[in-house]
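Residue numbers (numbering that gives the first Met the number 0): 0 to 681. Even for Gly, the Cβ is constructed at its ideal location relative to N, Cα and C. To start, the structure itself, in structure tokens.
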Amino acid sequence: MTNESWFSAEEKGKKGTVSRVDTDMEMGKKRVMVPAEDLDLSAVKYEQEDIQAPHLTGFGLKLFVRILETPGIGPSIMSFLKKQNKMVEMLQNTVIPEEPMFKPEFPPQEPEPAVVILDEDGKPEDRVSLALECLPQYDPASCFNGDSNLSFRYWKIRDYAHAYRSGIATPSMVAEHVISVLWEFSGKKSPTPLLISFDAEEVKKQAAASTKRFEEGNPLSMLDGIFMAIKDDIDCYPHPSNGGTTWMHEVRSVNKDAASVSRLRSCGVIFVGKANMHEMGMGTTGNNPNYGTTRNPHALDRYTGGSSSGPAAIVASGICSAALGTDGGGSVRIPSSLCGVVGLKGTYARVDMEGSLCGGTVEVIGPIASTVEDIMLVYSAMLGTSHANRISMNPSPPCVPNLSSYDSLNGLRSLRLGKYSEWFNDVYSTHISDKCEEVLNLLSETHGCEVAEIAVPELHEMRTAHLVAIGSECLCSLNPDCEEGKLTKLTYDTRISMALFKSFTAADYVAAQCLRRRLMHYFMEIFKKVDIIVTPTTGMTAPVIPRSAIKDGESDMVVTGYLMRFVIAANLLGLPAISVPALVVDLPVRCVFVLACVGYDKEGLPIGLQLIGRPWAEATILRLAYAVEVLSLILVIYGCIGPLQIYSTSSVLPKRGLYSISMFCIADSADLLYCSCRKCPS
């Protein structure tokens, strides 16, 4: 057999090759990758993703799982599917010149401008106070003006704080409303279960303690009396952590809060319980036959996205101001995008993972909230790097943007936004990329942000490396219990994932870490030219829940591919990223609405814009996310066809019928309201 000659980097550029050269060898075809530093990024060519896998529900899903778990036959089928999706070519037939990077390693970063540094060794409540000073001045008149439409908007954290301090409401009063809703939307009999573990008496106890602190004039922080839900893979005592399974509490007990939860509790946060999730985080839809599948508050026949399905739905429905999720493959950002709320994934190791079922090198705990300012307050309380990671990773000091200063607004003008157009536009519906493009145009026109074209090499390799990394780490965690008989107690789609993970070898894992180092080099080169990489958060809006998937689950790798298309880099490389609802501007004719911060596709489903930042640069992406949010509030309204039917979304979901929320904003010079416009449930 003949071998192709090796090309120099210069020759590769002339030949239009991308990042590798194929060499025929006696034992098969071998790929030899060019060293990352020699790759000409201007020669990168985009390749569309083409996932080859069956869509399975019902009997077909059960049968496929049984075959996959049959010795001999199952591994052969999995090997065939891996070859169909070029995993074997990428991992086993490729020479990767880089050394492995077993967890994210970052070069030193420049300080961010117009920020306030937070002391991660200090008290969480002190950090919240500092973050509060960075927010624009709060005007109670914008919310508490006696208008009867008051309840038709999301209450932000500062709205609750003002209500408590002025005597308009107490945490105990709010708790009664929250509990009444959660009773209906928790448990297996609920049509859209939000919580897996819920104790009304525990919620009342926390609320009573908070109410007493306000009566005595001693609230702990701005977060005192604020209601939050915690994803079921994060410890929140006294609730068990099942990770969406039916059995995890049998092998692992919870004796104290996770580090992030403990910090929030010290600020006075009231925890309503453990939120529903895709089992063990191994899915992007939120489907969970064990407890029932949480529905999207914008359309009950649609998925919320996952795996942090419950946290996103609880925030989007207005029941809680914020929630905690985990993000190992977009699991905070995907449901935030599909549910029209804000979700932050911080830099790897920025938040201590102690006390969660997650671990490894790609997963983080992150907040979900209805607004960027609420994200800032919760993030400020929960952040804090573990002692081990502080030594090994040398993180930059945590910061938040000073949104109250002129320098913050002026700083937007110097931001350079990187957009890889072919990747950006590779979506299920062009409505998604069009709406995200409109946001970028507005940022450029309003704030002078520069949008620069970039190229991101080896996206297929990145997806494969991430899958091997998270899959191997998950298998390492679960395998001891599976060997003791727990495997058959997992849902069918989780068992498919486990079969795939078991097929990965030690060599595959090392190859994935070599790819991680290559990709880190590419992204650090890109960040020399731009400050933030912008993409849609997901490649599609909320998918329909098949009726056949409700009882036994679903495996649809094509949908998974669309939902994860843009989120993986932040996990594999440990970069900070945020999903913020994308602005939409095509209003109904003669409508009197100014759009709130939720963008929609043609079916009325939310669209998210993702901002990926440099390592440790959470403040920069928060600043831009806030600018996106504010831009959505400055359009002009002028006319209306007729009366508007309005139903509250601030503290309750409709009790019957399918519904969809269209979050519009009605504004005049005196106030700003959010409201919900939809058909009345029958």
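{"query": "Candidates R301, G57, G282 and I390: closest to S307 by CA position", "result": "G282"}
{"query": "Buried or exposed (CB count within 10 angstroms, at least 16 for buried), R294", "result": "buried"}
{"query": "N- and C-terminal bounds of the alpha helix (DSSP H) containing Q688", "result": "The structure shown has nothing for residue 688, since the chain only spans 0 to 681."}
{"query": "Three-pair Cβ contact test at 8 Å for the segment 522-529 versus the segment 433-442", "result": "no"}
{"query": "N- and C-terminal bounds of the alpha helix (DSSP H) containing P310", "result": "S308 to A315"}
{"query": "Element boundaries [beta strand (DSSP E), containing V271]", "result": "I269 to A274"}
{"query": "Contact check, T370 vs V350, beta carbons under 8 Å", "result": "no"}
{"query": "For F184, three-class secondary structure by DSSP", "result": "coil"}
{"query": "For V127, the first and last residue of its enclosing alpha helix (DSSP H)", "result": "P123 to E132"}
{"query": "Beta-bridge pairing of Y427 - partner residues as DSSP gives them", "result": "Bridge partners of Y427: none, in fact."}
{"query": "N-terminal and C-terminal residue of the beta strand (DSSP E) that I195 is part of", "result": "L194 to S196"}
{"query": "Unbroken alpha helix (DSSP H) run spanning T463, endpoints", "result": "L458 to D480"}
{"query": "G345 in three-state terms, based on DSSP", "result": "coil"}
{"query": "Check whether T56 and A548 have beta carbons under 8 Å apart", "result": "yes"}
{"query": "F226 in three-state terms, based on DSSP", "result": "strand"}
{"query": "Pair within 8 Å by beta-carbon distance, M227 and F197", "result": "no"}
{"query": "Residue environment, N393, which counts as buried when at least 16 other CB atoms sit within 10 Å", "result": "exposed"}
{"query": "Beta strand (DSSP E) runs wholly inside the segment 68-133, at least 3 long, in chain order", "result": "114-116"}
{"query": "Close beta carbons around E48, own chain, < 6 Å, minus the five adjacent residues each side", "result": "G560"}
{"query": "Given T360 as reference, the closest of N478, V33 and G470 once Cα atoms are compared", "result": "G470"}
{"query": "As assigned by DSSP and simplified to three states, the class of N295", "result": "strand"}
{"query": "Within 8 Å, strictly: CB atoms of E98 and C513", "result": "yes"}
{"query": "Three-state secondary structure assigned by DSSP to P397", "result": "coil"}
{"query": "Residue from G267, G242 and D256 with nearest C-alpha to V250", "result": "G242"}
{"query": "Minimum C-alpha distance to L402 - residue among D551, P575, S171 and V114", "result": "V114"}
{"query": "Close Cβ partners of S147 (< 6 Å) along its chain, the five nearest in sequence each way excluded", "result": "With a pLDDT of only 45 at S147, under 50, the local geometry of the prediction cannot be trusted, and the value read off the model is given with reservation. Within the same chain, S147 has no close Cβ partners at all."}
{"query": "Residue span of the alpha helix (DSSP H) that contains P334, given as start and end", "result": "R332 to C338"}
{"query": "Cβ pair P239, V260 closer than 8 Å", "result": "no"}
{"query": "Spatial distance of K230 from N289 (CA atoms)", "result": "15 Å"}
{"query": "Endpoints, alpha helix (DSSP H) assigned at E449", "result": "Segment E449 to E452 is the beta strand (DSSP E) holding E449; no alpha helix (DSSP H) there."}
{"query": "G216 versus V180 - alpha carbon distance", "result": "29 Å"}
{"query": "Residues that P580 bridges to, as DSSP identifies them", "result": "G607"}
{"query": "Assumed close pair L562, I233 - CB separation to whole angstroms, cut-off 8 Å", "result": "In fact, because the Cβ distance is near 22 Å, the residues do not count as touching under 8 Å."}
{"query": "Nonlocal neighbours in the same chain, by C-beta distance under 6 Å from G447, ignoring five residues either side", "result": "R412"}
{"query": "Continuous beta strand (DSSP E) stretch holding R415: start and end", "result": "R415 to K418"}
{"query": "Nearest-angstrom Cα separation, counted from R516 out to P74", "result": "30 Å"}
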